[in-house]
Amino acid sequence: MRLLQKSPEGWRKKPLPAWLVYFLVFGLLITVIQSVYFWQMNRVRANLQHNATERATMIAKIIEENLHLSSAAHQTIDTILTAFLADNIRFIKYLETIEPLHSDELSALAKEMGLRGITILRPDGRAVSGPEQWSADGLSCSPETKGQQLRYIESSRTAYLVQPVTNQENLSCVLVGWDAGKILDLREKTSRQALIESLSALPGINYIRLSADRSVPGVDPAVILLREGDQVTAETRIATRDGVLVIGLDARRFVRRLESMRRQFIMFGSLILSLGLFFGWILYRYQQDNLRRTKLFERELAREREDAALGRTTGTIAHEIRNPLNAINMGLQRLSLESDNLTREQEELIRAMREAVQRTSTIVTELQRFARPLHPRPREMDPAGMIRRILSLYAGDCEAGGIEVTTELQTSGGFRGDRDLLAELFENLIKNGLEAQAEGGRIDIRLQERDNIMELRVTNGPCVLSSDDLERFLEPYFTTKTRGTGLGLPLCRRIAEAHGGNLEIFYDDNSQTLTVLVRIPGQPATETKDSA
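Per full-length UniProt numbering, the very first residue in the sequence shown carries number 1; after that it's consecutive.
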């Protein structure tokens, strides 16, 4: 994967960082996982819709089929019962043609036929019933009755058959009653409400309701999830011939499955996300470290190239400048020694020219020292004694400049390092401190050795520095002094780094002091012979 980047030559493709490609792929993986999860959730919901609709349709068909069979059974029973009671009425009419029946005779006849009671109506409107305490539940037997009628009375649990008589002079209507308790029980058990209640009690079905109002809103086979406490119901509505059938199925298993899938997705997604972020962070850190190492290597390589170029330039300068300087210096010496008629002004001019030549020669020498490769030759040395000897050389300058020098030198002895290079480092630091205190001040030198690491602190002040000056202090050729090459501190840093150490600079605004901190580890013993 590449990214377009504009360059002086035009647009070019730049490779994306590996960590960015990783996170893009990881984001794509998370997107795929989410897509699969939502696909599974939709699939489960579709299965619920399909299964609930199928079960509701099946229940509706079962109810309709059972109601159809129940209706057929009721009609058959009614037909048989009507025929049975009609035969009894036919026999009663036959007896009535022989001799008019009285109440006690009707009672005996009802008992013999298994009837609850018999009522006959004469043409004159007189009714005869038997037994006498028998009541027809308010039913009347009149000539106006059209055809025979079979009726059930729930309160008395009795079946009545009323039959008008038109072909007999002394009889106009006959009403008989029969014990229909078992038939009514059967009708109740096979009724629609009983069937709905029976199906509602089955496992997996919460309720079944039938609404005769076909205008009930929401008549839709779509499944609706209803929650009431711990109960979860998948409700669907189906239109039937008798109304709207509302079926509520137990959906707890479906909800548990959804919750289980949700928990699994959260756990799996969290795990993938955590692992992805963790390894992405590791990859990012690894690439950043690799990039940092590459930059350090490039910086070191650039420094080495700069040092090599500086070395070649310094060699050329030393060769091309030092010879003319020597010739000028020798000419000035001869002129000063052999000329007896020089005025005082001419002698001062010659002296100033010789000092200028000497300063130029010193600059060339410092350039050569800074540009030369450093290869420390470690051997045992006494850093504290070396610093004391250097301070003794500059004691007169300190006293003349009004500079107070304090020292705290603590070493355990046996420290190994390059004597010449470290002596040059110590002298440069002390010399820079003295030159920075042109108007007097103090210099504090502290030396200590811990765990075979020499730590030297040189603090001088008071002095005023800006933050920009502090950042550039270790740059070659940068100096705040009127006369200076700006190579002293950079050379000290090179010497410290050549020994595997480092050099740092700190400035305290409150006390207006500048501190140079040098840490140099002791060098291991080598088989290289020490040179004087």
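Ideal Cβ placement from N, Cα and C applies to all residues, glycine included.
Note on geometry: alpha-carbon atoms of residue 281 and residue 30 lie some 17 Å from one another.
In this structure, the beta-carbon distance from residue 251 to residue 234 falls below 8 Å. Contact annotation: residue 428 and residue 514 have beta-carbon atoms that are not nearer than 8 Å. Of the residues 165, 475 and 508, the one whose Cα lies closest to the Cα of residue 462 is 508. The beta carbons of residue 430 and residue 477 sit no closer together than 8 Å.
DSSP, read as helix, strand or coil, puts residue 278 in helix. Judged by beta-carbon spacing, residue 171 lies beyond the 8 Å limit of residue 82, meaning their Cβ atoms are not closer than that value.
Going by DSSP, residue 152 is part of the beta strand (DSSP E) stretching over 149–153. Around the Cβ of residue 300, a 10 Å sphere holds fewer than 16 other Cβ atoms; the residue is exposed. With a cutoff of 8 Å on beta-carbon distance, residue 421 and residue 383 are scored as not near each other.
Here residue 70 has 190 as same chain residues with Cβ atoms under 6 Å from its own Cβ, once five neighbours each way along the sequence are excluded. DSSP, reduced to helix, strand and coil, places residue 222 outside both helices and strands of the structure shown, so it counts as coil.
By the criterion of at least three beta-carbon pairs nearer than 8 Å, the region 350–368 is in contact with the region 322–330. According to the DSSP assignment, residue 181 belongs to the alpha helix (DSSP H) that extends over 181–189. The region 395–406 and the region 441–452 touch, with no fewer than 3 CB-CB distances between them shorter than 8 Å. The Cβ neighbour count for residue 499, taken over all protein chains shown within 10 Å, is at least 16; the residue is labelled buried.
Pairing residue 473 with residue 496, the inter-Cα distance amounts to about 16 Å.
The continuous beta strand (DSSP E) containing residue 508 extends over residues 502–508. Counting along the chain, the unbroken alpha helix (DSSP H) around residue 104 starts and ends at 103–113.
Residue 347 is classed as exposed because its beta carbon has fewer than 16 other beta carbons within 10 Å across all chains shown.
The Cβ atoms of residue 243 and residue 273 do not sit closer than 8 Å to each other.
Exclusion of the five residues before and after residue 501 leaves 518, 519, 520 and 521 as the residues of its chain whose Cβ lies within less than 7 Å of its Cβ. When beta bridges are read from the DSSP output, residue 445 appears opposite 407 and 458. Residue 342: not part of any beta strand (DSSP E); DSSP gives it neither H nor E. Here the region 159–167 does not lie against the region 194–204, with fewer than 3 beta-carbon pairs under 8 Å apart.
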